[in-house]
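Chains as they are written, first to last, in the numbering used here: chain G, 5 to 206; chain B, 5 to 206; chain R, 5 to 206; chain X, 5 to 206. Glycine included, each C-beta is placed from N, C-alpha and C at the ideal position. Nothing here was measured: the structure is a model prediction, and the numbers come from that model. Remarks on the structure that follows.
Number of protein chains: 4
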Amino acid sequence: MNKQRLEAFTDGVYAIVITLLILDIRIPEVHPATLGSALVRMLPQAFTYVLSFFVVGLYWIANHRVALNVKQIDGTLIWLNLVWLLFVSVMPFPTSLLGRYPLQGVPIAIYGVDLILTNLTGLFISIYLMKHRELCVRAISPQTLRDQIPAYAIPNGVYGIAIGLGWILPWLSYVLYALVLAGLAVRFARINNPFQSSRRRG
Amino acid sequence: MNKQRLEAFTDGVYAIVITLLILDIRIPEVHPATLGSALVRMLPQAFTYVLSFFVVGLYWIANHRVALNVKQIDGTLIWLNLVWLLFVSVMPFPTSLLGRYPLQGVPIAIYGVDLILTNLTGLFISIYLMKHRELCVRAISPQTLRDQIPAYAIPNGVYGIAIGLGWILPWLSYVLYALVLAGLAVRFARINNPFQSSRRRG
Amino acid sequence: MNKQRLEAFTDGVYAIVITLLILDIRIPEVHPATLGSALVRMLPQAFTYVLSFFVVGLYWIANHRVALNVKQIDGTLIWLNLVWLLFVSVMPFPTSLLGRYPLQGVPIAIYGVDLILTNLTGLFISIYLMKHRELCVRAISPQTLRDQIPAYAIPNGVYGIAIGLGWILPWLSYVLYALVLAGLAVRFARINNPFQSSRRRG
Amino acid sequence: MNKQRLEAFTDGVYAIVITLLILDIRIPEVHPATLGSALVRMLPQAFTYVLSFFVVGLYWIANHRVALNVKQIDGTLIWLNLVWLLFVSVMPFPTSLLGRYPLQGVPIAIYGVDLILTNLTGLFISIYLMKHRELCVRAISPQTLRDQIPAYAIPNGVYGIAIGLGWILPWLSYVLYALVLAGLAVRFARINNPFQSSRRRG
C-alpha cells in the first residue's frame, strides 16, 4: 500500500468522526415556548460535544506528527493504524453516552477508557517504528522514545484519576478531561517543527 | 503538519457537513393519501436546508480563498482552523432546529450566532496571517486587511439585525439571511483572481 | 480556487451521498421468528436503494467526464458545481421517500424531478463551458454540444414519462428509471476515451 | 476517468462506511442505575461492530492491493469497482441486523452472503484484469490467478459453513467469521511486497 492512500483514508475517517459527533445532538421535542429552557438543559451535552470535537482533532494532529516520520508502510503498520482508527471511530458512542447520562460514573469511565486506549495505540505505533527504522525518515532512538514517555504517561494518569473521580466528584472528571486536552493543545500549538511544514516541499 | 493533509481534512469536513444536512429532513409518517400536503408543510424545512447548503458551500469557498495565500502552517493556525471547522460542523444543529421550529426567535438567533462566530473566526485567521507573514505566499498588509473589514462587518451586521427581528418579524430574518448569502455568492462568483487558478500549476 | 481541491470536495460529497443511502434502510423491529418475512417486505426499499446507489455513481462518472475537460475554474463554475452537488445531496430524501411509500405517484414524481434537475444542471455546465473556452482543455464547439443533446434529452424525456406513469402504472415508472440507468451505464462503460486515462500522466 | 479520482472516491466510501458503523450502536434508554447492565447486554452488538470494522478495513486493503497493479482504467472497471463498493456500503445493514437480532439464522446468513458477494466481486475484478493486460502494471498470468484461487475459495467456503451453522450453532458462525478475518489479517500483515510501497516514489 502506498502511504498517500493510507493518509487519505485516515484523514477521511477523522473528518467523518469529527463531523458525525453533531448527529448525536438531537433536536429537543418540546412546546416552542419552552424551547429556550430545553436548550439550556442541553448544555452538558454541548460541553461533551465540544470536548470530543477537539479530542478527535487532537488525535488527528498526533496521527500526522507520527506519519511525518514514516517513509514506508508495512502490513503491521496498516493494522496498527486501523486499531488506532477503531478507537477514534468509537468516540461518538461514549460522547453520546456522556451527553445522555451526564455526571455519571459509568459513562465517564467508558469515555476515559477510550481515550486511554487511543493514547496507548499511539505509543505502540511509536515503539513499532523505533524497532523498524527502515520505515522511518529519521530513525527513532530509544532515548527519543523515552523522552516522549511523559507525553503519554501524564495524560493517561490524569484520565485514570478522572475515571476514579467519576463516581465521587463527576464534575471534576470533566475538568480533568478538559485540562488534558488544553495541555496537549498548547503543547502541539507551540511545537512548530520546521521539519513538519517543509517536508513535502523540500 | 503539511498543508496538503490539512486541506484534505478540511475539505472532508466541509463535504460531510454539506451532505449530512439532508439527514435531518425526515420522511413524514402519514397516510399515503395525505403525503402531498405533508410534504408541502415541509417547505420551510426545505428552505433552511437549501440556505444552509449554500452557507456551508460559501464558507468552504471562503476557506479556500484564505488557504490559497498560505504557504506554511504552524500549530496555532491548525487550531484556528479547527475552531473554524467546529462552527461549520455545528451547522446541522441550528439548521435542524430552525426546520423543526420555523419562524421562532430562539432558533433564528442560534442560527445567526453560529454564522457570526464562523465569520469572526475567518477574520481572526486573516489577522493572524497578517501578523505572521512568514506563513503567507504574499504578505497581507494592514491596509489589505482594512479593505476586507466591510466584507466581514456587513454580513455580521445584517446577521445581528436578523437575530433581533426573529422575535418580531421572523420571515424577514429568513430574507436577510438569504440576502447575505446571495450577496456573498455574487461577490465570490465575480472575483476570478488569476492567482487562484494558476497557483498549483505555475 | 484550484481545481484539485474542487475535485476533492466533489468526490467527498459523492462518496458520502452514495454511502449515506444505506442509513435510510432501517432494521425492522419485529419478533425474531417473523424477521424473514419482514425482510422480504423490504424488497421494494432495497430496489430503490440499489437504483439510487448506481444513479449517484453514474452522476459521479458524468461529473468526472465534464471535469476532465476543465483546465481552469472560475467563480460561476464553482457555484454551478455546488448546485449540481445540491441535487445529488438531496437524493437520499426521495430515495427514502420512495422506499417508505413505494409505488405511489408523489414519491415517484419527486424522485424523477430530482433526476431531471441534476441532469439539466449538467447540461447548463456544458453550455457554460462551451461559452468559456478559456476554461477548457479543448474548446467545446456548438456542434459537439448539439451532438450531446440526445444524451440529455432522452433520459429526461423518459423520466418525464415515468413521472406521469407514477399515478397509473407505478411499477412501470420503476422499470423506466432502471432502464435509463442501465442505458447510461452501458454507454459510459463503452466509451474508453484514451484522453481520459492518460491525462494526468501525459 | 483518471485513476487518482477513482481512488479518492473509493477511499472516501471505505472511510465513510467504516465510520458509519458506530451510528448503529444506539445509546440505551434506561434508568441511570441500570446503565452498566444495559451496556453489558450490548456486548454482542459491540462484537459485530468490531468484526465489521475490521472486515471493511480488510476489504479496503484488498482493494488497494488490486489497485496497485492497475495503471489504466476503463468504463467496465469503474462499474465493477462500483459494484464492489455497493456490497461494502451495504455492510452497515447486516451489521446492524446482526447486532439487533444476535445469534439468529437469518441475520447470520445475510451477513455471510454480503461477505461472499464482496469477495466474489474482487475475484471478478482480478479475472477482468487478467484478460485486459493493457490495464495492468504487470500482466496477470492465468497461473498467478490460479494461485490466488485458494485465497478466495477458502474464506467463501468457511462463510458458507458459517451460514449453514447459523440455524444450529450460531455462536460457532461468529467464531468462523472472526477466524477468517484473523487469517486474512495475518496474511495481509505478513506480505510486505516492496513493489507496493515503492511504487509512487520510484
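Start and end of the alpha helix (DSSP H) containing residue i?
i      : result
X:K7   : 7 to 24
G:M134 : 109 to 135
Just verifying my parser: in three-state terms, what is the DSSP assignment at residue i?
i      : result
G:V141 : coil
B:W171 : coil
X:Q200 : In this prediction, X:Q200 has a pLDDT of 41, which is less than 50 and means its spatial position is unreliable; what the coordinates show is noted afterwards. Looking at X:Q200 - three-state DSSP - the assignment turns out to be helix.
B:V74  : strand
B:P48  : helix
R:R30  : coil
G:H35  : coil
R:Y105 : coil
Whole angstroms is fine: what's the gap from residue i's alpha carbon to residue j's?
i      : j      : result
G:H35  : B:L43  : 22 Å
G:L121 : G:Q152 : 17 Å
X:Q181 : X:G168 : According to the sequence displayed, residue 181 of chain X carries Tyr and not Gln. Spanning the two alpha carbons is a distance of roughly 12 Å.
B:R194 : R:K7   : 17 Å
X:L139 : R:N67  : 23 Å
B:A166 : R:L176 : 48 Å
G:L84  : G:I131 : 11 Å
B:T148 : X:G16  : 38 Å
G:D78  : G:L10  : 11 Å
R:L188 : R:N160 : 12 Å
B:A12  : G:F192 : 20 Å
R:A143 : B:Y156 : 38 Å
R:L101 : B:Y163 : 34 Å
G:V94  : R:T99  : 28 Å
R:T23  : X:R104 : 21 Å
B:V214 : X:H136 : Outside the modelled stretch of chain B, which goes from 5 to 206, sits residue 214 of chain B, for which no answer is possible.
X:V184 : R:G40  : 26 Å
R:I82  : G:L62  : 31 Å
So with CB distances below 8 Å, who are the chain B contacts of residue i?
i     : result
R:V93 : As written in the sequence, residue 93 of chain R is Ser, which differs from the Val given in the question. In chain order: I22, T23, L25, I26, F57.
Going along chain G, which residues have a C-beta under 9 Å from residue i?
i      : result
B:A12  : E11, A12, D15, G16, A19
X:L185 : By Cβ distance, chain G contributes nothing, its closest Cβ being about 11 Å from X:L185, past 9 Å.
Which residues of chain R have a Cβ atom closer than 7 Å to the Cβ of residue i, listed in chain order?
i      : result
B:F192 : G79
X:F97  : I26, I29
So with CB distances below 8 Å, who are the chain R contacts of residue i?
i      : result
B:W64  : F13
X:L124 : Chain R residues near X:L124: none, gap ~17 Å exceeds 8 Å.
What does residue i reach in chain X if we use C-beta pairs closer than 7 Å?
i      : result
R:P36  : Y105, Q108
R:G61  : L86
G:L101 : I31
R:L90  : Neighbours of R:L90 on chain X: none; closest Cβ ~19 Å, over 7 Å.
Is any beta-carbon of chain D found at less than 7 Å from that of residue i?
i     : result
B:L39 : The structure shown contains no chain D; the protein chains it does contain are G, B, R and X.
List, in chain order, every chain G residue whose beta-carbon is nearer than 7 Å to that of residue i.
i      : result
X:A189 : W83
Output, in chain order, the set of chain X residues within a Cβ distance shorter than 8 Å of residue i.
i      : result
R:L139 : Correct list: empty, because the minimum Cβ distance to chain X is about 18 Å.
Q.
Any C-beta of chain G within less than 9 Å: which residues of the stretch 166 to 183 of chain B qualify?
A. If the cut-off is 9 Å between Cβ atoms, the stretch 166 to 183 of chain B has nothing near chain G.
Q.
Can you pull out the residues from the stretch 145 to 166 of chain R whose beta carbon lies closer than 7 Å to at least one beta carbon of chain X?
A. Cβ contacts with chain X come from no residue of the stretch 145 to 166 of chain R.
Q. Got a sec: which bits of the stretch 41 to 52 of chain G sit with their beta carbon under 8 Å from any beta carbon on chain B, in order along the chain?
A. Those residues of the stretch 41 to 52 of chain G that come within reach of chain B (Cβ to Cβ, closer than 8 Å) are L43.
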